[in-house]
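See below for the structure under consideration.
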Amino acid sequence: MEYIFDTHAHYDDEAFDEDRESLIGSLRENGIGNVCNIGASMESCRTTLAMAEKYPFFYGALGIHPNETKDLTEEDMDWLRKASGSEKIVAIGEIGLDYYWDEPDREIQKKWFVRQLSIAKDTGLPVVIHSRDAAKDTMDIIKAEHKGTTGGVIHCFSYGVDQAREYLDMGYFLGIGGVLTFKNAKKLKEVAEYAPMDRLVLETDCPYLTPVPYRGKRNSSLYLSYVAEALAELKGMEKDEVIRVTAENARRLYRL
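Taking this note's numbering, the leading residue of the sequence shown gets 905, the next gets one more, and so forth.
Dropping the structure here:
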């Protein structure tokens, strides 16, 4: 049996408060080999660190999501750098830009994106990049400040083939999740077909972006097999082979 590696989850989210322990306890027997829990705020970075240390098959990434950057301080960055030295922390993220909402100000988002990219370079850890409605600015900053120096993944990739090509040329992986199963996911399907198989990783972003046939319900790693199935169909591969290759890619991404 091939085991799935969920490269991007948020199991510290309140959506899991009622059954977190039993759900996490059921993952291995349901074919989930590893999970990387991803920090998005200072608070979730602390809980991510604790979860990575608690569960043997969990890893963690520490970073501040663009929508949470408004009140960040240099003291927070000092904590982030120190905490990322933990053996179970494998990346800096999720960091980036999100222009879907008007807050916080775009200049604030950019400032802390650049700052956290510098922590990745200092620590040598790969990055987990969040980019929503901010294609050009994300690309410009990555080219100027990072350009594959430590590698990383463009999480929940949502742009077209041209953007994908540029990121792939710089050595980044692309994160593929539940959106691939949506009827209206034409762009992502084109990208998934175009991208080399050795540069794709599976992710849930749970509790969000649940794949069909459970779209609209709370997501978890248990549903990743639907994404693997959709990717296998696009690539003309067996589902088990997709699971094996993407898990191998995840280990390369996170250097495990």
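Positions of the beta carbon are idealized from the N, C-alpha and C atoms, including for glycine.
- Counting C-beta pairs closer than 8 Å gives three or more between the stretch 1087-1106 and the stretch 1124-1143, which meets the contact rule.
- Distance from the CA atom of residue 974 to the CA atom of residue 1009, rounded to whole angstroms, is 8 Å.
- Where residue 963 is concerned, the enclosing beta strand (DSSP E) starts and stops at 962-966.
- Taking residue 1079 as the centre and dropping the five residues before and after it, the same chain places the C-beta of 911, 912, 1057, 1058, 1059, 1060, 1061, 1105 and 1107 closer than 7 Å to its C-beta, in chain order.
- Just so you know, the alpha carbons of residue 966 and residue 1032 end up roughly 9 Å apart.
- With the rule of 3 Cβ pairs closer than 8 Å, the stretch 1108-1115 does not count as touching the stretch 1137-1147.
- Residue 979 sits exposed, since fewer than 16 C-beta atoms from the chains shown fall within 10 Å of its C-beta.
- In this structure the stretch 978-994 does not lie against the stretch 1037-1045, because fewer than three pairs of beta carbons, one per stretch, are closer than 8 Å.
- Ranked by how close their Cα comes to the Cα of residue 996, the residues 1151, 1027, 1005 and 1102 have 1027 in first place.
- Our two residues, residue 954 and residue 1118, have alpha carbons roughly 29 Å apart in a direct line.
- Closest in alpha carbon position to residue 1126, among 1022, 1005, 1029 and 931, is 931.
- Of the other Cβ atoms in all chains shown, fewer than 16 fall within 10 Å of the Cβ of residue 961; this residue is therefore exposed.
- Of the residues 1000, 1022 and 1023, the one whose Cα lies closest to the Cα of residue 1012 is 1000.
- When DSSP states are grouped into helix, strand and coil, residue 1106 belongs to the strand group.
- Shown here, residue 911 sits in a strand according to DSSP, grouped into three states.
- The continuous stretches of alpha helix (DSSP H) do not include residue 1123, and DSSP gives it neither H nor E.
- Fully contained in the stretch 933-959 are the following alpha helix (DSSP H) runs of length 4 or more, in chain order: 946-958.
- Residue range 1077-1080 is occupied by the beta strand (DSSP E) that includes residue 1078.
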